[in-house]
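J.:
Protein chains: 2
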Amino acid sequence: MRTTALDLDAAFGALSDPTRRAIVSRLARGPATVGELAEPFDLTLQAVSKHLAVLTRAGLVERGRDAQRRPARLSGPALGDLTGWLLDFRAHVTEGYERLDALLADDPQTPSPPTPRARRKR
Amino acid sequence: MRTTALDLDAAFGALSDPTRRAIVSRLARGPATVGELAEPFDLTLQAVSKHLAVLTRAGLVERGRDAQRRPARLSGPALGDLTGWLLDFRAHVTEGYERLDALLADDPQTPSPPTPRARRKR
DNA sequence: GCCTTATTCAACCAATCAGTTGTATAGTGA
DNA sequence: TCACTATACAACTGATTGGTTGAATAAGGC
């Protein structure tokens, strides 16, 4: 069995492609077949099938069976887990920032010292 | 419209690598130099520098200047935007699922009856 | 002015990726 | 059975990626 739980590598990787995000967007409105998913794109069915495989491997999509069709639908939990991870993360960052603000107050290395770096020749 | 705004491709792509997620985790506890970031990894400084470049290009990290050092720190907003995108998304999905549930009133785990367009035979 | 430290740039390499075409499998309907 | 539809598999290709080594750049300390 392939990893059905959330694989952060695979999940983020899957969502890093705009075509796949579009597919996921489409699936958010309900299940669809490969053919239906492929329609808006200028892509072969095989390419879309591959994208679906990537999403499925990442645990974001599940496939069913309806005669010759293999409709895809989103797997809610994975998306929830991903969101959870990011939320945790963001909380952590915010906290860190507050600590940093408290430490620095007014003195620190100024955020962006615009160093006009003249490029030298070789 | 913000041109610095988040690039979903780049942001998700950046977070799809475990080394980069570890770097981001480290940075969530405060800024760090390339050398400091590289320490826990069995990687060259150049490799870590490249990872930082990826994160910077994605808008997730900002670089500063402190003498020879170029400390990296997280860029809070990007992380917030990413989380926001996913939250929106998840909301959409949940809504879709509720609609689907209403239609099917069935066990979503069973692979067989996935769509309302069931045409199976045999 | 050298050294030393911190970081990046440049070139390269192997692996992976997104796409293609062509073929094969699975299921329906006659 | 045979034709048709929907999808997957296989092999290939060019581009990208994650890593390396080696050289260059930037800044400070002596």
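These protein sequence lines are chains A and B, in that order. In this text, residue positions in the first sequence follow this note's numbering: the first is 1, and each later residue adds one. In this text, residue positions in the second sequence follow this note's numbering: the first is 1, and each later residue adds one. Using N, Cα and C, we set each Cβ at its ideal position, and we do this for glycine too.
Mind reading off the beta-carbon distance from Leu74(B) to Ala28(B)? Whole number of angstroms is fine, and I expect it under 8 Å.
T.: 6 Å
J.: Is it buried or exposed for Ser25(B), if we count other Cβ within 10 angstroms and need 16 for buried?
T.: exposed
J.: Going along the region 9 to 29 of chain A in order, which residues come within less than 9 Å of chain B, judged by CB to CB distance?
T.: The region 9 to 29 of chain A vs chain B, Cβ under 9 Å: Asp9, Ala10, Ala11, Phe12, Gly13, Ala14, Leu15, Ser16, Asp17, Pro18, Arg21, Val24, Ser25, Leu27, Ala28, Arg29.
J.: Give, in chain order, every unbroken run of the beta strand (DSSP E) that is at least 3 residues long and sits entirely within the region 7 to 85 of chain A.
T.: 61 to 63, 72 to 74
J.: Using a Cβ-Cβ cut-off of 8 Å (strictly less than) and excluding sequence neighbours within five positions of Leu55(A), which residues of its own chain qualify?
T.: Ala14, Arg20, Ile23, Val24, Val61, Ala72
J.: Compare the beta carbon distance of Thr83(A) and Leu87(B) with 8 Å and say whether it is the shorter of the two.
T.: Yes, Cβ-Cβ distance for Thr83(A) and Leu87(B) is below 8 Å.
J.: Let me make sure I understand the geometry here. Which of Gly35(A), Asp81(A), Ala47(A) has the alpha-carbon closest to that of Asp9(A)?
T.: Asp81(A)
J.: Mark Gly35(A) as exposed unless 16 or more other C-beta atoms lie within 10 angstroms of its C-beta, in which case mark it buried.
T.: exposed
J.: For chain A, check one thing: does any of its Cβ atoms lie closer than 8 Å to the Cβ of Gly59(B)?
T.: no
J.: Output yes if chain B places a C-beta closer than 8 Å to the C-beta of Thr56(A); else output no.
T.: no
J.: Taking Ser32(B) as the reference, which of Ala58(B), Gly64(B), Thr44(B), His92(B) has the closest Cα?
T.: Looking at the sequence itself, residue 32(B) is Ala, so the reference to Ser does not match. Closest option to Ala32(B), judged by alpha-carbon separation, among Ala58(B), Gly64(B), Thr44(B), His92(B): Gly64(B).
J.: How would you label Asp106(A), buried or exposed, when you count the other beta carbons within 10 angstroms and need 16 or more for buried?
T.: The pLDDT assigned to Asp106(A) is 41, lower than 50, so where the model puts this residue is not dependable; a value taken from the coordinates is nonetheless given after this. Per the 10 Å Cβ criterion, exposed.
J.: Between Arg69(A) and the rest of its own chain, which residues show a CB-CB distance below 6 Å, the 5 nearest in sequence each way excluded?
T.: If we look at Arg69(A) and ignore the five residues flanking it on each side, its Cβ neighbours are Thr33.
J.: Given that Arg70(B) touches chain A, what residues does it touch there, using C-beta distances under 8 Å?
T.: Close to Arg70(B), with beta-carbon spacing below 8 Å, lies no residue of chain A; the smallest spacing is near 10 Å.
J.: Quick one: does Gly76(A) have its CB under 8 Å from some CB of chain B?
T.: yes
J.: Quick check: what's the CA-CA separation for Lys121(B) versus Ser16(A)?
T.: Low confidence applies to Lys121(B): its pLDDT is 30, below 50, so where it sits in the model is not reliable, and the reading given next is rough at best. Looking at the two C-alpha atoms, the distance is approximately 39 Å.
J.: Take Ser49(A) and list the residues in its own chain whose beta-carbon comes closer than 8 Å to its own, dropping the five residues that flank it on each side.
T.: Val34
J.: Considering only their Cβ atoms, is the gap separating Leu45(A) from Ala38(A) smaller than 8 Å?
T.: yes
J.: What does the Cβ neighbour count give for Ala58(B), buried or exposed, with the cut at 16 atoms within 10 Å?
T.: buried
J.: Quick one: is Ala78(A) buried, meaning 16 or more other Cβ sit within 10 Å of its Cβ, or exposed?
T.: buried
J.: Does the beta-carbon of Asp42(B) have 16 or more other beta-carbons within 10 angstroms, so that it is buried, or is it exposed?
T.: exposed
J.: How long is the line joining the alpha carbons of Pro40(B) and Ala91(A), rounded to whole angstroms?
T.: 24 Å
J.: Alpha carbon to alpha carbon, how far is Gly76(A) from Phe89(B)? Give it in angstroms, no decimals.
T.: 10 Å
J.: To the nearest angstrom, how far is it from the Cα of Arg119(B) to the Cα of His51(B)?
T.: With a pLDDT of only 33 at Arg119(B), under the threshold of 50, the placement of this residue in the model should not be trusted, and no figure is reported.
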